[in-house]
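Residue numbers (this note's numbering): 267 to 353.
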């Protein structure tokens, strides 16, 4: 499908890039020091979250789900059908 909703290192889990709607991306950056504009990504739509313990796991999981939903909602019907087969 060629779509990405999260990027992270596989050897060390020190940060993760997550997609967000532009308004929420800015709000999260203002509220959390660990949330920064997306490293090597479109900074309007992506945030880099530093995994330093300052963001509760539940909140991070919600952000991951939100990122997935944003990307999945932009898929074509054919891509959505193919994605359903993977579940």
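Ideal Cβ placement from N, Cα and C applies to all residues, glycine included.
Contact between the stretch 331–343 and the stretch 291–298 is absent, with fewer than three C-beta pairs closer than 8 angstroms.
Counted as a single uninterrupted DSSP element, the alpha helix (DSSP H) harbouring residue 288 occupies residues 288–297.
Of the candidates 344, 350, 317, 345, 317 places its Cα closest to the Cα of residue 273. For residue 283, no alpha helix (DSSP H) run applies; the uninterrupted beta strand (DSSP E) run containing it begins and ends at 281–285, by DSSP. In the three-state reduction of the DSSP assignment, residue 337 falls in the helix class.
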